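K.L.:
Protein chains in written order, with our numbering: chain C, 75 to 464; chain U, 75 to 464; chain A, 75 to 464. Beta carbons: idealized from backbone N, C-alpha and C, even for Gly. Keep in mind it's a predicted model, so treat the numbers as computed, not measured. Quick one: structure below, then a few questions.
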C-alpha cells in the first residue's frame with residue numbers, strides 16, 4: 075500500500091534543513107547584528123511606536139451647538155437696537171456648523187418695481203439705446219427694461235425691473251456692525267461613536283460637573299475640556315484678528331480630534347480641540363473674499379403689497395470638524411506584522427551569505443561546505459556521493 | 075569568460091536546501107500539528123472569517139428626508155391651532171438631519187425697548203445703583219440701563235434695553251405642546267456610493283413597489299426595508315420615552331449601516347437601520363439638557379414698527395448617520411496575507427527544532443545530523459571534511 | 075561555564091542552510107521563472123502600480139457656496155416678479171449643499187379655519203356621518219370637523235380645521251416656474267485637509283488669478299479648475315435634462331475628488347470634479363419623486379391676525395461631496411509588502427521541489443541528494459554517520 079505509506083511518512087517524518095555552522099567571530103557578529111536591527115524595527119517601531127498590533131476604526135459623530143450673547147448697535151438708519159441669538163444666528167440651527175452674523179448691509183423696504191441699476195462699467199449709460207431690454211448678467215440685480223435713467227445727479231444707469239431700491243453693498247461697515255460678537259460664547263456638544271468597537275463617548279466628560287459647565291470658558295491651558303468657547307478666543311487661537319475677520323466674514327474650523335487607544339481605559343480617550351481658518355484669507359486669489367450670503371425678511375402691508383428687508387449678512391461660520399481614529403488590539407494586523415517581520419529575518423541570512431561566500435578570503439572553502447554540487451549527467455560522482463551520505 | 079559562466083550557473087542551476095528527515099512519530103506529529111494550526115488560522119480566520127482577501131472602501135452618501143403629519147393644539151394664548159410641516163420643521167430642509175419641533179415657549183409681540191430683566195440672583199435689585207449701565211452677562215436678555223424697576227409687585231429687577239417683554243422660559247410646557255408629533259412619519263431617502271468600486275445603491279430597494287411605499291411603516295421585524303419611520307417608533311426603538319423626550323427635546327441618531335460584501339450579488343447589499351439617542355440624557359452632567367434653539371418671526375405694523383414673535387423651540391433632531399464598509403476581492407491584501415501566512419510556517423520548524431534539539435534525549439544525535447561544524451582556523455578538519463563531501 | 079559558552083557560540087557562530095545545487099537547465103529555468111514572476115508582481119504591481127509603500131489618509135473638508143443670478147416670472151396670480159438669491163435659495167446657507175428653487179406651488183393668504191379637504195378617495199363624502207370628527211391621516215391637511223361640505227359644485231368633501239384654503243398641489247407648473255435657473259451660477263469654495271500629513275489645500279488654486287475667477291465658467295475641457303459652475307451644465311454633465319429636472323426637482327451630487335500622491339509636489343494635487351444625479355429618477359420605485367419641501371412666510375395684519383403664504387418648493391439640491399485619499403511614503407506598509415514579498419519567494423522553491431522530486435525521471439536521485447534520512451532507532455547507521463561527518 076503505497077498510499078498508506080505516503081501518509082505515514084507525511085505524518086511521522088519531521089524535516090528540518092541542514093545547517094552549516096561556521097565558527098567565525100566576524101560573520102557571526104554581522105549576522106546577529108542584522109538580526110538584532112530587524113528585531114528592533116519589528117518590536118520597537120512597528121509594535122510599540124506605530125501600534126501595528128491594532129485594528130483601527132474612524133469616528134462617527136454628531137454635533138449640536140448653542141450660541142449665547144447679546145449686543146447693542148446704534149445707527150442712524152436703525153437707531154438703537156439690541157441683537158440676540160434669534161437675530162444673528164442664521165439659520166437658527168444647523169447640523170455641524172453655526173453661523174454668527176458679525177456685519178451686514180441691509181436694504182430696507184424693497185418692493186418689486188423699476189429703478190436704476192448700480193453703476194459699474196457695464197451698467198452706466200448715456201442714452202436709452204445703450205441698454206438692452208431683458209438683458210441680465212450674473213452680477214446684475216434685475217432685468218433691464220431698456221431705459222436709461224438717473225442714478226444720481228452725475229451718473230445715469232440702465233433701469234432694471236427688480237426689488238427696488240437695489241442693494242448697494244459697495245461700502246461695507248468698518249468696524250464691523252456687531253463688534254460685540256467677540257464676546258459671544260458657543261457651547262459645542264459632541265457625541266462620537268466607533269462602530270467597529272461599539273465605543274461611544276461625549277465631549278462633556280463625566281468628570282465635569284454642571285456648576286463648572288455653567289461658568290467655564292475653554293482655554294487650551296487652564297480649561298482644555300470645557301466645551302464652551304468664546305468666539306474671540308477661537309479666532310485668536312487660529313492666529314487671526316477677530317475684528318478684522320468680522321468685517322468681511324470668514325469660515326473657522328473648530329476641530330475636535332478623538333484619537334484613542336482603546337486598549338487603555340476609556341477615561342484616557344478625550345477630545346483635543348484645535349482651531350484653523352478655512353477660507354482663503356489673502357484676497358488676491360479669491361472671488362468674494364470672506365464669507366457672506368443674502369437673506370430677506372418679508373412683510374405685507376395692510377393693502378397686501380409685499381415688501382422685504384434684504385440683508386447681506388457677513389459673518390463667521392464655525393464648522394465643527396470631528397475626526398480621529400481609534401485603535402484596538404486585533405489578531406490579524408498583529409499576525410501580518412509578525413509574519414512579515416519573520417520574513418525579514420531571511421534578509422539577515424541572505425546578506426551574510428553574500429559576505430561569507432563572496433567577500434571573505436576563505437570563500438571557496440565556505441562555499442564547499444554550504445553547497446553540494448550535483449552534476450546532472452555525471453553518474454560516477456552521483457553514486458560516489460550517494461555512498462558517502464548513506 | 076567568467077561573467078558568462080556566472081550568468082549560466084545563475085540560470086541553469088537550481089539550489090534547494092538540504093533536509094534532514096527525522097523519522098520520529100513524536101516530532102513529526104508536533105510539527106504537523108503546529109503547521110495545521112497555522113494553516114487553520116490563515117485559511118479559516120483570516121480568509122473565511124475576516125475576509126482578508128478583500129480590499130475595503132468606506133461609504134459616500136447623500137440623504138433627503140420628508141416629514142408628514144398635522145396636529146392640533148388648544149391653548150389660552152393661541153387658541154385652537156393646527157400645526158403642519160411648514161410650522162414645525164425648522165429649517166425647512168437640511169442635508170443629513172431634520173428637526174421636528176415638539177414643544178415651545180413663545181413670546182408674542184416683542185419690540186425693542188426697556189423692560190425689567192428676568193429675576194435671578196444676579197439681576198434682582200433693591201435700588202438703582204445696584205444696576206450697572208451697559209452691563210451684559212452671557213445669560214442676560216439685554217443691556218442694562220442702570221435703572222431698577224418692578225418686575226412684579228414683589229420683585230424688583232434691573233431694567234434692560236432688549237426685545238420686550240423678555241422671554242420667560244422658566245416654565246416649559248409639560249406635557250409637550252405638540253404631543254401629536256409621536257404619530258408623524260419621516261421618509262428617508264438615502265443614496266450611497268463606494269467610489270473605489272464605483273458601486274451605487276439606494277435604500278429604496280428595486281424590489282419594493284410604490285403602492286407598498288405609500289402605506290408601509292418601518293418595523294425591524296415585519297418591514298425592515300420600509301424607508302418610512304414613525305417618530306414614536308424611532309424613539310422607542312432607542313429605548314426612550316417619546317413624550318418624556320418631547321418636553322425638553324433631544325437628538326436621535328437614525329443609523330443606516332451599509333456593510334456590503336461586493337463579491338456577492340448586489341442584491342445582498344441592503345441597509346440595516348438602527349436607532350440611538352445621541353444627546354446626554356442624564357441632566358446631571360450637562361448644561362441646557364435636551365435640544366432647543368431660538369428663532370423669531372418678524373412682523374411690521376402699518377406704522378412700520380418691527381415686532382417679532384420669539385420662539386424657543388424644543389424638539390427632536392433626527393441625524394441620519396450613514397456608515398459602512400464594502401469589501402471586494404483584491405490581489406494585494408490577499409498576497410500580503412498569504413505571504414505572511416507562509417512566513418508563519420517558519421515558526422513551526424523553529425518550534426520543533428527547539429524541541430528536537432534541546433528537549434529530546436537523543437538531541438545530540440539529532441544536532442549532529444542537522445549541523446555541520448566548520449572550524450574557522452582548524453585546517454586539518456577542514457581538508458578532511460572537504461575530502462569527505464567531495 | 076556552560077552558560078558563557080552558550081552565549082559565545084550564539085554570538086560567534088553563523089549558521090546558514092546547506093544547499094544542493096542541481097545543475098539542470100529545466101529546473102533552473104523554471105525556478106528563475108517563478109522567482110522572476112514573484113519579483114515582477116512585488117515590484118511592478120504592489121509598489122509601482124498600487125503604491126504599496128504609501129500610508130494613506132482620507133480627506134477632511136469644508137465647503138462654502140454662493141449662487142448668483144436673477145430671473146423674471148409673469149403669472150396671473152403674482153404678476154410680473156423678479157426672483158433673486160434671497161428668494162430662491164432656501165435656507166440662505168447650508169454647510170455642504172445648496173438648494174435652488176426651480177418650481178413652486180404657492181397658496182396665498184392661508185389662515186387658520188375650517189375649509190373642505192382636498193378631494194381623494196378617502197376624503198370625499200356624501201353626508202356628514204361619513205366624516206369622523208378629529209380624524210387625521212398622514213396625507214390630510216388638517217383635522218376633520220365631522221361636517222361634509224361642498225368642495226366645488228360637483229364634489230363634497232369632509233371639512234377640516236387647517237390652514238385654509240388648503241394647498242392644492244395636484245397641478246405642478248410645467249414648464250418649471252423658474253426656468254431661468256438654468257443660467258444661474260454657483261461658486262464652490264472647498265478647503266481640504268489631510269490630518270495625518272498635515273497637508274491642506276483649496277480648490278481655488280494659487281495659479282489662478284482673480285480676474286480669471288470673475289468671469290470663468292467650469293468646463294471639463296477648457297476650464298477644469300474654475301470653481302464656478304453653471305447649473306445647466308452640471309445637470310447636463312450628469313446626463314440629465316435641466317428643464318425636465320426643474321419641474322419636479324431632484325438632488326445633484328457635485329463630487330470633488332482629491333486623490334493625491336504627496337510624494338510628488340503639492341502642485342500636482344488638484345481637485346477632479348464630477349457630477350451625478352443622486353435621487354431616484356424613475357418614478358416607478360419611489361414615493362414623492364424628485365425633491366421638494368414646504369415652507370411658509372408668515373404675515374400679521376393690522377388687527378394682529380396671522381396669515382401665511384405656503385410654498386411647496388420644488389428644486390435642485392446640489393450636494394457637494396468631497397472625497398479622496400492621499401498617499402505618502404511610509405516605512406511600515408513598505409516593510410510589510412517587502413516582507414510578505416520575500417515570503418512569497420519561498421513559494422518558488424516549494425514549487426520547484428515538487429517538480430524536481432516528483433515529476434522528473436531522476437527524482438529518486440535528487441531526493442537522495444536533498445534528504446538525509448535518520449532512522450530513529452537504527453543505532454548502527456547513526457554511529458556510522460556521525461563518524462563520517464566528523
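Tell me whether residue 136 (chain U) sits in a helix, a strand or coil according to DSSP, three-state version.
P.N.:
If DSSP states are grouped into helix, strand and coil, residue 136 (chain U) belongs with the strands.
K.L.:
Bridge partners for residue 186 (chain C) per DSSP, in chain order?
P.N.:
Answer is C:237, bridged to residue 186 (chain C).
K.L.:
Select from A:395, A:263, A:413, A:445 the residue whose C-alpha is nearest the C-alpha of residue 363 (chain C).
P.N.:
Per the Cα distances, A:263.
K.L.:
For the candidate residues C:217, C:374, C:140, whose alpha-carbon lies nearest to that of residue 207 (chain C)?
P.N.:
When only C-alpha atoms are compared, the closest one is C:217.
K.L.:
Flag residue 284 (chain C) as yes when its Cβ comes closer than 7 Å to any non-hydrogen atom of the ligand HEM, and as no otherwise.
P.N.:
With respect to the ligand HEM, the structure offers nothing, as it holds no ligand at all.
K.L.:
Just confirm the distance between the C-beta atoms of residue 224 (chain C) and residue 190 (chain C), as a whole number of angstroms; I'd bet it's less than 8 Å.
P.N.:
Sure, about 7 Å apart at Cβ, within 8 Å.
K.L.:
Can you tell me where the alpha helix (DSSP H) with residue 306 (chain C) in it begins and where it stops?
P.N.:
Run containing residue 306 (chain C): 305-311, per the alpha helix (DSSP H) assignment.
K.L.:
Is the Cβ of residue 167 (chain U) closer than 8 Å to any Cβ of chain A?
P.N.:
Residue 167 (chain U) counts as touching chain A.
K.L.:
Secondary structure at residue 353 (chain A), three-state DSSP: helix, strand or coil?
P.N.:
If DSSP states are grouped into helix, strand and coil, residue 353 (chain A) belongs with coil.
K.L.:
So with Cβ pairs under 8 Å, would you call residue 91 (chain U) a contact of chain C?
P.N.:
Output row for residue 91 (chain U): interface = yes.
K.L.:
Look up residue 364 (chain A) in the DSSP assignment and say whether it is helix, strand or coil.
P.N.:
The answer is coil: DSSP assigns residue 364 (chain A) none of H, G, I, E or B.
K.L.:
When the cut-off is 8 Å and only beta carbons count, does residue 80 (chain C) lie next to chain U?
P.N.:
No, no contact with chain U.
K.L.:
Please classify residue 354 (chain A) as buried or exposed, where buried requires at least 16 neighbouring CB atoms within 10 angstroms.
P.N.:
Looking at its Cβ environment, which holds 16 or more other Cβ atoms inside 10 Å, residue 354 (chain A) is buried.
K.L.:
Any beta-carbon of chain A closer than 8 Å to the one on residue 96 (chain U)?
P.N.:
It does: the Cβ of residue 96 (chain U) has a partner Cβ on chain A nearer than 8 Å.
K.L.:
Closer than 7 Å by beta-carbon distance: list the chain C residues that pair up with residue 105 (chain U), in chain order.
P.N.:
Within 7 Å Cβ-Cβ: 88.
K.L.:
Contact check, residue 115 (chain U) vs residue 407 (chain U) under 8 Å by CB: the rounded distance?
P.N.:
That belief does not hold up - the Cβ atoms of residue 115 (chain U) and residue 407 (chain U) are roughly 16 Å apart, past 8 Å.
K.L.:
Just tell me which of A:400, A:256, A:342, A:324 has its CA closest to the CA of residue 279 (chain A).
P.N.:
The candidate whose alpha carbon is nearest that of residue 279 (chain A) is A:342.
K.L.:
If we require 3 or more residues per run, which beta strand (DSSP E) segments fall completely within the segment 159-213 of chain U?
P.N.:
With a minimum length of 3 residues, the continuous beta strand (DSSP E) runs that stay inside the segment 159-213 of chain U are 171-190.
K.L.:
Quick one: is residue 158 (chain A) buried, meaning 16 or more other Cβ sit within 10 Å of its Cβ, or exposed?
P.N.:
Buried, because 16 or more other Cβ atoms sit within 10 Å of the Cβ of residue 158 (chain A).
K.L.:
So, at 8 Å on beta carbons, what are the nonlocal neighbours of residue 403 (chain A) in its own chain, with the 5 sequence-adjacent residues on each side left out?
P.N.:
127, 128, 129, 337.
K.L.:
Give me the Cα-Cα distance between residue 135 (chain A) and residue 391 (chain U), rounded to the nearest whole angstrom.
P.N.:
Cα to Cα, residue 135 (chain A) sits roughly 24 Å from residue 391 (chain U).
K.L.:
Taking only the alpha-carbon atoms, compute the straight-line gap between residue 382 (chain A) and residue 372 (chain U) and give it to the nearest angstrom.
P.N.:
Taking the straight line from one Cα to the other gives about 12 Å.
K.L.:
With a cut-off of 8 Å on the beta carbons, I'd call residue 200 (chain A) and residue 222 (chain A) a contact; round off their distance for me.
P.N.:
Residue 200 (chain A) to residue 222 (chain A), Cβ: 7 Å. Contact.
K.L.:
Only counting the same chain, and skipping five residues up and downstream in sequence, which positions put a Cβ closer than 6 Å to that of residue 284 (chain A)?
P.N.:
Once the five neighbours on either side are set aside, residue 284 (chain A) has no close Cβ partner at all.
K.L.:
Mind listing which residues of the segment 131-147 of chain A have their C-beta closer than 8 Å to chain C's C-betas, in chain order?
P.N.:
Listed by position along the chain: 132, 134, 136, 138, 140, 142, 143, 144, 145, 146.
K.L.:
According to a CB-to-CB cut-off of less than 9 Å, which residues of the segment 403-421 of chain U neighbour chain C?
P.N.:
Under the 9 Å Cβ criterion, the segment 403-421 of chain U contributes 410, 411, 413, 414, 415, 416, 417, 418, 420, 421.
K.L.:
Under 7 Å Cβ to Cβ from residue 243 (chain C), same chain only, skipping five residues before and after it: list those, please.
P.N.:
These residues qualify, in order along the chain: 179, 386.
K.L.:
For residue 394 (chain A) versus residue 139 (chain A), is the C-beta distance shorter than 8 Å?
P.N.:
For residue 394 (chain A) and residue 139 (chain A), yes; Cβs fall inside 8 Å.
K.L.:
With a cut-off of 8 Å on the beta carbons, I'd call residue 174 (chain C) and residue 163 (chain C) a contact; round off their distance for me.
P.N.:
About 6 Å; that satisfies the 8 Å criterion.
K.L.:
Check whether chain U comes within 8 Å of residue 125 (chain C), counting only Cβ atoms and requiring the distance to be less than that.
P.N.:
Answer no: the Cβ-Cβ gap between residue 125 (chain C) and chain U never drops below 8 Å.
K.L.:
Can you tell which of A:380, A:389, A:436 has the C-alpha that lies nearest to the C-alpha of residue 182 (chain U)?
P.N.:
Taking only the C-alpha atoms, the option nearest residue 182 (chain U) is A:380.
K.L.:
How is residue 248 (chain C) classed by DSSP in three states: helix, strand or coil?
P.N.:
Coil, per DSSP.
K.L.:
Using a C-beta to C-beta distance shorter than 7 Å, which residues of chain C count as neighbours of residue 237 (chain U)?
P.N.:
156, 158, listed in chain order.
K.L.:
Identify the continuous beta strand (DSSP E) that holds residue 218 (chain U) and give its terminal residues.
P.N.:
Unbroken beta strand (DSSP E) run through residue 218 (chain U): 217-224.
K.L.:
The segment 213-228 of chain U: which residues have C-beta closer than 9 Å to a C-beta of chain C, in chain order?
P.N.:
Within the segment 213-228 of chain U, the residues whose Cβ lies closer than 9 Å to some Cβ of chain C are 213, 214, 215, 216, 217, listed in chain order.
K.L.:
Return the chain-ordered ranges of every alpha helix (DSSP H) run that is complete within the segment 81-129 of chain C and spans a minimum of 4 residues.
P.N.:
You should have 99-114.
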